[in-house]
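Under numbering that gives the first Met the number 0, the sequence shown has 134 at position 135, and the numbering climbs by one with no breaks.
For each residue, glycine too, the CB sits at the ideal point set by N, CA and C.
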Amino acid sequence: MSDIVGVFITWTSYGTWLPGDARGWRSRTAGHQLAKPELEEMAFNKLKSEPVILNPHDRVTVESACRDHCQFRGWMLHAVNARTNHVHVVVSGYLKAQLIRDQLKANCTRALRSQIQPLVRERTWAKGGDCEILFNDDDLANAIDYVLNAQD
């Protein structure tokens, strides 16, 4: 088995990519799913608060929080890109990918709540997020390129 060279992590802000979404969505048990408008409407009606959209200053705060936490933990942050409704990170660290993701999300939430214009919501992020293990340098380079150059 190859060594892990990094992990490509993506998580979404609360309420912005629901089950049934027209862009497709991921079921925890069945993987990628096609659009189901009725399911999306039902999920939207169950939201406890408004969807979270990251403003430009929120996005800067999130990226800075990711950089700071990776530096503090001694992880190599290869790329980070906070969008209006999701965050992409490519990182090499010594923990399980899900633990890295959860630590980054928690630190981003803390940073958003303490910025000059705080973003304080009951839930900032959707539960979980995708963690793709990268096993070789080509996969790592492709993930970095996607995060830095393929977002607009």
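For F7, the secondary structure class from DSSP, reduced to helix, strand or coil, is strand. Here the alpha carbons of D2 and N44 stand approximately 44 Å from one another.
Counting C-beta pairs closer than 8 Å gives fewer than three between the segment 28-45 and the segment 111-127, which falls short of the contact rule.
Between C107 and V61, the beta carbon gap of about 5 Å places them in contact (Cβ cut-off 8 Å). The straight-line gap separating the alpha-carbon atoms of T15 and R22 is approximately 11 Å.
Just measuring C-alpha positions, the residue of Y93, H77, K126, D151 sitting nearest N141 is H77. The alpha-carbon separation between D129 and T9 amounts to approximately 5 Å. Between the C-alpha atoms of G127 and D144 there is a straight-line separation of about 23 Å. Excluding the 5 residues flanking it on each side, R112 has same chain C-beta neighbours closer than 6 Å at V119, in chain order. By the criterion of a C-beta distance shorter than 8 Å, R25 is surrounded in its chain by H31, Q32, D129, once the five residues flanking it on both sides are discounted. Excluding residues up to 5 positions away in sequence, L53, R58, Q150 lie with their Cβ nearer than 8 Å to the Cβ of R82 in the same chain. Annotation: Q102 to A34 spans about 31 Å, alpha carbon to alpha carbon.
Taking each of K104, I99, A125 in turn and checking the Cα distance to L17, the smallest one comes out for A125.
C-alpha of S63 to C-alpha of K47: approximately 28 Å in a straight line.
Here the C-alpha atom of E37 lies approximately 7 Å from the C-alpha atom of G19.
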